[in-house]
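One structure below.
2 protein chains.
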Amino acid sequence: MRDHVEITRMTRQRRVIIEELRHLDTHPTADELYGLVKRRVPHVSLGTIYRNLDALAEAGVIRKLEMSGMQKRFDGNLEEHHHVRCISCGRVADVRVETDRDMDYPIMDASGYRITGQTVEFSGLCPECQKEDRPTN
Amino acid sequence: MRDHVEITRMTRQRRVIIEELRHLDTHPTADELYGLVKRRVPHVSLGTIYRNLDALAEAGVIRKLEMSGMQKRFDGNLEEHHHVRCISCGRVADVRVETDRDMDYPIMDASGYRITGQTVEFSGLCPECQKEDRPTN
DNA sequence: CTCAGTGCAAACGCTTTGCACAACT
DNA sequence: AGTTGTGCAAAGCGTTTGCACTGAG
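Chains as they are written, first to last, in my numbering: chain G, 31 to 167; chain C, 31 to 167.
Rendered as structure tokens:
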């Protein structure tokens, strides 16, 4: 589970992508990141963003968040943590839960699956959307 | 949170979709269901499948599973339960966990989100893929 | 010098939608 | 009869990919 692929060359594009991601806690989507990287490397292409995000995620340098039924988001923070998604605007934030309790899920379920991992995804209303106080939308 | 939209007309397509879904525990994707429904309603279209699945999910008759980075799957079982996804073949099964513990997550997180829900998604190897014993794939 | 990485644009896979017609109620 | 639902095909959207070129090592 820790058999990461190596990153061989460090291109300008790649470095900038990593830097932008490290300086953000907003879990940007590929195209949001594209916008940011483009400011510093104007000729960059969206394909390059995607290719690098995949490579970096496989190398374990960043994390790919594949959340329910949404565009993928990327996280420069490698520490173990969960996420909340705003049900109104889609924004994603980190959740720090005191979770030793996360480990006491069954290793083998009745269904015969050998369970190897679990993700907890919270949903709720972000501070901004609470203000606008549209009850659910 | 229980403000379901009403289903007004019961067409043949709609009835067959519900029936197929109720008789399955395999959480089919829209196109798998399309294949099944087509056997009984040969002229059905994929667009109709999608439109009905959305309508039925909104009406609370079925559940839409929006799992991490995959095609959506649909579940005729409305009881509260979690799912395991096979990391090898993508198959999805139900998990019954004794979860009163699910409720004791924080209502309000430090990030300022008002947390209203949570989903736990397990990953693992299904029985079939354990046999083929490709360690991860 | 070499080959991994890039830009560009086209293709892809899943899902949604516009339109004219069909069929529940 | 009236209007919701349908089939079909086209469009949409995020993501991936083929190709010739570029640049890191």
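Where a beta carbon is used, it is the ideal one built from N, C-alpha and C, also for glycine. Fair warning: this is a prediction, and the values are worked out from it, not measured in the lab.
Between the options, which lies nearest to residue i when the distance is taken from Cα to Cα?
i	options	result
C/Gly99	C/Glu151, C/Arg45 and C/Gly77	C/Glu151
C/Thr41	C/Arg69, C/Asp55, C/Leu51 and C/Thr78	C/Thr78
C/Ala89	C/Tyr80, C/Val35 and C/Leu66	C/Val35
G/Gly142	C/Ile37, C/Lys161, C/Ser141 and C/Tyr143	C/Lys161
In the DSSP assignment, find the beta strand (DSSP E) that holds residue i and state where it starts and stops.
i	result
C/Cys116	His112 to Cys116
C/Leu95	Arg93 to Leu95
G/Ala123	Val122 to Val125
C/Asp105	Arg103 to Asp105
Enumerate in chain order the residues of its own chain whose CB-to-CB distance from residue i is below 7 Å, with the five nearest sequence positions on each side excluded.
i	result
C/Arg126	His111
C/Cys159	Cys116, Ser118 and Cys119
G/Arg70	Val46
G/Pro157	none
G/Leu108	Arg93
G/Leu54	Gly106
Spatial neighbours of residue i within its chain, please: C-beta separation below 6 Å, excluding the five flanking residues on both sides.
i	result
G/Leu86	Ile92
G/Gln43	Val71, Val74 and Thr78
G/Lys68	Val74
G/Leu76	Tyr64
C/Val122	His57, Arg103, His113 and Arg115
G/Leu66	Glu50
G/Ser153	Arg115 and Ile117
G/Ile37	Ala89
Between residue i and the rest of its own chain, which residues show a CB-CB distance below 8 Å, the 5 nearest in sequence each way excluded?
i	result
G/Leu155	Cys116, Ile117 and Ser118
G/Glu96	Lys102
G/Ile48	Leu86, Val91, Ile92 and Gly106
C/Asn104	Looking at the sequence itself, residue 104 of chain C is Phe, so the reference to Asn does not match. Counting only Cβ-Cβ distances below 8 Å, and skipping sequence neighbours, we find Leu51, His57, Pro58, Thr59, Ala60, Leu63, Leu83, Ala87, Ile92, Arg93, Lys94 and Leu95.
C/Tyr80	Ala60
Could you spell out the range, first to last residue, of the alpha helix (DSSP H) harbouring residue i?
i	result
G/Arg45	Arg42 to Arg52
G/Thr149	That residue, G/Thr149, is in no alpha helix (DSSP H); its beta strand (DSSP E) goes Arg144 to Leu155.
C/Val35	Segment: none, C/Val35 is in no alpha helix (DSSP H) and carries neither H nor E.
C/Glu88	Leu76 to Glu88
G/Glu62	Ala60 to Arg70
Just confirm the distance between the C-beta atoms of residue i and residue j, as a whole number of angstroms; I'd bet it's less than 8 Å.
i	j	result
C/Arg39	C/Gly106	20 Å between Cβ atoms; not a contact.
Review point. So, do the stretch 52-67 of chain C and the stretch 46-66 of chain G have three or more beta carbon pairs nearer to each other than 8 Å?
Key: Too few Cβ pairs lie closer than 8 Å, so no.
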